[in-house]
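So the sequence shown is numbered by full-length UniProt numbering: it starts at 1 and just counts up by one.
Reading through the structure tokens given below for one structure.
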Amino acid sequence: MKVAITDNEKLKLTLEGVLVGVISGIVVSMFRWSIAQSLKVFQGLYVTARSNLSLLIGLLVAMVIVAIFVGYLLKKEPNISGSGIPQVEAQLGGEMHLKWWSILWRKFVGGILSIGPGLFLGREGPSIQLGSAIGQGVGELTHDNRGVNQRVLVASGAAAGLSAAFSAPIAGAMFVLEEVYHNFSPLVWVTSLASAVSANVISLYVFGLQPVLQVPYQYSLPIKYYWHLVILGIVLGLMGRLYQIVLLAMPSIYEKTRLPRFIHGIIPLILIVPIGMAVPQFIGGGNGIIINLDKYGTSLLFLLGLLVLRFVYSMISYGSGLPGGIFLPILNLGAIIGAIYAVVMNQLGLLPIAFESNLIIFAMAGYFACIGKAPFTAIILVTEMVGSLKHLMPLAVLSLVAYIVVDLLNGAPIYESLKERLNLNSDYLNRVSKFTDRLEVPIYEGSSIDGKYIRDIPFPKDILVVGVYRGERQLIPNGDTLIKAGDRIVVMVNAGQRAKISRKLKNMINGIN
1 MKVAITDNEK
11 LKLTLEGVLV
21 GVISGIVVSM
31 FRWSIAQSLK
41 VFQGLYVTAR
51 SNLSLLIGLL
61 VAMVIVAIFV
71 GYLLKKEPNI
81 SGSGIPQVEA
91 QLGGEMHLKW
101 WSILWRKFVG
111 GILSIGPGLF
121 LGREGPSIQL
131 GSAIGQGVGE
141 LTHDNRGVNQ
151 RVLVASGAAA
161 GLSAAFSAPI
171 AGAMFVLEEV
181 YHNFSPLVWV
191 TSLASAVSAN
201 VISLYVFGLQ
211 PVLQVPYQYS
221 LPIKYYWHLV
231 ILGIVLGLMG
241 RLYQIVLLAM
251 PSIYEKTRLP
261 RFIHGIIPLI
271 LIVPIGMAVP
281 QFIGGGNGII
291 INLDKYGTSL
301 LFLLGLLVLR
311 FVYSMISYGS
321 GLPGGIFLPI
331 LNLGAIIGAI
341 YAVVMNQLGL
351 LPIAFESNLI
361 IFAMAGYFAC
371 IGKAPFTAII
381 LVTEMVGSLK
391 HLMPLAVLSL
401 VAYIVVDLLN
411 GAPIYESLKE
421 RLNLNSDYLN
431 RVSKFTDRLE
441 VPIYEGSSID
451 GKYIRDIPFP
461 KDILVVGVYR
471 GERQLIPNGD
481 TLIKAGDRIV
491 VMVNAGQRAK
501 ISRKLKNMIN
511 GIN
């Protein structure tokens with residue numbers, strides 16, 4: 001039985017990753033540009049509608065039409081709902097199969113129509129799903145669509161999508177490993193990095209070299225002020241847990257409207273008209289707000305009002321199920337919380353206001369780290385987005401504190417929680433149950449099976465251990481093979497039981513009954 005992937009296959013897969021990255025870069029750049037241009041047009045229309053009743057009525061009618069059309073797309077393809085990241089996670093976990101072309105064009109069109117009018121949704125989640133769909137399409141044309149190679153290309157497409165959306169290739173690859181794929185496989189890492197870099201080249205060609213969130217700052221935060229990072233980290237952790245609780249409760253709140261699920265988008269689309277007329281500069285995903293946040297003055301009441309607006313309407317926007325993500329809105333909320341903290345501490349005489357920009361940058365990473373429970377991605381993402389390496393230490397401190405607070409409050413990764421609420425197709429699992437699949441499980445330091453022989457490990461039934469990787473070296477396993485931390489165990493499983501067995505193996509390795 002073939003287990004190892006040869007060097008030629010690795011090279012071929014990496015080159016295919018480059019192809020996925022180039023195509024994803026083109027598609028996501030078009031997606032990103034279309035949303036930005038639509039937002040500018042709608043901002044102008046909202047301002048004009050203040051004194052033009054006919055235009056106001058026309059905008060409301062247009063929003064109803066958009067809601068109905070996007071609802072039709074959602075009814076035909078429910079898996080374009082939301083950010084798409086939970087669907088990608090489920091697909092990589094072997095729990096569902098997506099129709100890549102159906103996802104690709106409907107997510108592209110539905111995402112532009114949903115985000116373009118100014119809803120508080122991000123382009124990054126949809127970009128990840130667009131990239132993964134492209135990776136799946138390339139995989140189905142070149143590989144067995146049940147094989148490990150296709151999953152690698154799906155993962156690499158997700159990395160390319162995030163890279164092109166944020167111009168952040170390292171964060172794109174890290175996000176896939178830490179949050180989506182949940183496996184630091186060298187094969188996935190190299191292929192995802194190749195895709196992310198290729199997509200970023202296209203993105204830079206279209207949008208230029210300027211960082212996406214170039215927040216200006218004057219000084220690095222002195223070590224004597226590092227105690228602020230602990231307090232701000234606790235605040236972010238508490239607010240992050242609140243964000244998780246409210247977001248997960250939104251579908252049940254929408255159910256009380258008695259509207260069909262696919263038409264829930266009519267509520268945020270109607271509401272965006274008065275919001276856009278009142279504060280057009282504060283609508284959309286929020287990257288413009290982040291860049292200009294330190295220029296809005298030090299009015300605490302204003303910043304608190306902005307936080308409430310962004311928090312509440314972000315929940316309304318995402319809870320409706322419209323195609324759109326929470327990535328950028330989370331960063332936006334984190335930045336506002338950082339600005340509020342800086343103003344409060346300045347008014348108390350405990351922090352010079354000159355460090356407001358620093359805390360805005362740090363809080364973005366901390367808020368995403370605790371909500372997504374992906375601290376490495378948060379640190380690298382914000383570093384790439386602001387275009388500076390000078391913040392790594394405070395970013396790490398703040399992200400760690402916020403992460404620990406949410407962990408103590410029993411908060412789970414938000415995308416994992418959203419994935420558990422998907423309607424997984426049991427028919428698909430039944431169809432693939434006649435096939436075998438390859439599952440790779442890493443062994444971490446402190447694992448319950450670290451230092452044990454294979455014969456002494458209580459593996460689940462109906463699996464076959466076919467390989468053990470120690471670095472780049474493959475061992476042919478037998479009962480006397482000693483498992484060590486850092487190894488990667490390869491097992492063959494029933495394809496329909498892949499996700500279930502994966503959970504059992506992880507629980508066994510972590511010593512969870």
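For each residue, glycine too, the CB sits at the ideal point set by N, CA and C.
Classification of Trp-227 by the beta-carbon crowding that lies within 10 angstroms, buried from 16 upward: That one is exposed.
Status (buried if at least 16 other CB within 10 Å, exposed otherwise) for Trp-189: Buried, because 16 or more other Cβ atoms sit within 10 Å of the Cβ of Trp-189.
The region 257 to 274 in contact with the region 305 to 318 per 3-pair CB rule at 8 Å: Result yes; three or more Cβ-Cβ pairs closer than 8 Å.
Completely contained alpha helix (DSSP H) runs for the region 195 to 227, where each covers 4 or more residues: Whole alpha helix (DSSP H) segments, 4+ residues: zero.
Inter-residue Cα distance where the pair is Asn-200 and Leu-53: Cα-Cα distance, rounded: 44 Å.
Proximity below 9 Å, CB of Ser-156 to CB of Gly-325: In this structure, Gly-325 does not lie closer than 9 Å to Ser-156 by Cβ.
Extent of the continuous beta strand (DSSP E) run through Gly-467: Looking at the DSSP string, the run of the beta strand (DSSP E) that includes Gly-467 is 464 to 470.
Limits of the beta strand (DSSP E) - the one that Asp-437 falls within: Residues 436 to 442.
Endpoints, the beta strand (DSSP E) within which Met-492 is located: Per DSSP, Met-492 belongs to the beta strand (DSSP E) from 488 to 494.
Those residues which DSSP pairs with Tyr-453 across a bridge: Leu-482.
Gly-446 versus Lys-484 - alpha carbon distance: Each residue's CA atom was taken as its position, placing Gly-446 and Lys-484 some 10 Å apart.
Distance, Leu-464 Cα to Tyr-313 Cα: When only Cα atoms are considered, Tyr-313 and Leu-464 end up about 50 Å apart.
Distance, Met-277 Cα to Ile-266 Cα: The straight-line gap from Cα to Cα measures roughly 18 Å.
Same chain, Cβ closer than 7 Å to Leu-60, five either side skipped, listed in chain order: Excluding sequence neighbours, Leu-60 sits near Ile-270, Val-273.
Leu-322 - containing alpha helix (DSSP H), residue span: No alpha helix (DSSP H) contains Leu-322, which DSSP labels as neither H nor E.
Lys-224, buried or exposed, once every other Cβ within 10 Å from all chains shown has been counted against 16: Classification for Lys-224: exposed.
Through-space distance from Gly-125 to Gly-297, alpha-carbon basis: One Cα belongs to Gly-297, the other to Gly-125, and the distance between them is close to 31 Å.
Where Thr-481 falls, given that 16 or more other Cβ within 10 Å makes a residue buried: Flag for Thr-481 reads buried.
Range covered by the alpha helix (DSSP H) that runs through Leu-333: In the DSSP assignment, Leu-333 falls within the unbroken alpha helix (DSSP H) covering 327 to 347.
Beta-carbon proximity of Leu-55 to Leu-45, cut-off 9 Å: Leu-45 sits close to Leu-55, with the two beta carbons spaced by under 9 Å.
Cβ contact check for the region 168 to 183 and the region 95 to 115: 3 or more pairs under 8 Å: No contact exists between the region 168 to 183 and the region 95 to 115.
Residue from Thr-383, Gln-218, Phe-327, Lys-500 whose Cα sits closest to the Cα of Met-96: Taking only the C-alpha atoms, the option nearest Met-96 is Lys-500.
Sub-9 Å separation of Leu-300 and Ile-340 beta-carbons: Taking 9 Å as the Cβ cut-off, Leu-300 and Ile-340 qualify as a contacting pair.
Distance CB(Ala-365)-CB(Ile-379) smaller than 9 Å: Cβ atoms of Ala-365 and Ile-379: closer than 9 Å.
At least three beta-carbon pairs within less than 8 Å, the region 389 to 398 to the region 57 to 75: No, because fewer than three Cβ pairs between the region 389 to 398 and the region 57 to 75 fall closer than 8 Å, the two stretches do not touch.
Cβ contact (3+ pairs, closer than 8 Å) linking the region 236 to 253 and the region 277 to 289: Contact between the region 236 to 253 and the region 277 to 289 is absent: fewer than 3 CB-CB pairs across the two stretches fall below 8 Å.
6 Å Cβ shell around Gly-17 - same chain, five flanking residues per side excluded: Counting only Cβ-Cβ distances below 6 Å, and skipping sequence neighbours, we find Ser-156, Thr-191, Ala-194, Ser-195.
Residues that Met-351 bridges to, as DSSP identifies them: Reading off the sequence, residue 351 comes out as Leu, not Met. Leu-351 pairs with nothing; no bridge assigned.
Boundaries of the beta strand (DSSP E) in which Leu-475 is found, first to last residue: Element bounds for Leu-475: 473 to 475.
Cβ neighbours of Gly-131 in the same chain (closer than 6 Å, five flanking residues each side left out): Closer than 6 Å at the Cβ level, and outside the excluded window around Gly-131, lie Ser-24, Gly-157, Ala-158, Ala-160, Gly-161.
Same chain, Cβ closer than 8 Å to Gln-129, five either side skipped, listed in chain order: Around Gln-129: Ile-80, Ser-83, Gly-84, Ile-85, Gln-87, Val-88, Ile-103, Lys-107, Ala-158, Gly-161.
The alpha helix (DSSP H) enclosing Val-376, as first and last residue numbers: A quick correction: the sequence has Phe, not Val, at residue 376. For Phe-376, the enclosing alpha helix (DSSP H) has its first and last residue at 375 to 386.
Beta-bridge pairing of Gly-82 - partner residues as DSSP gives them: Under DSSP, Gly-82 shares a beta bridge with Pro-323.
Among Lys-76, Pro-186, Val-138, nearest to Gly-471 - alpha-carbon criterion: Out of Lys-76, Pro-186, Val-138, the CA that lies nearest to the CA of Gly-471 is found in Pro-186.
Minimum C-alpha distance to Val-66 - residue among Phe-376, Tyr-205, Phe-262, Arg-503: Closest by alpha carbon: Phe-262.
Unbroken alpha helix (DSSP H) run spanning Ala-173, endpoints: Unbroken alpha helix (DSSP H) run through Ala-173: 169 to 175.
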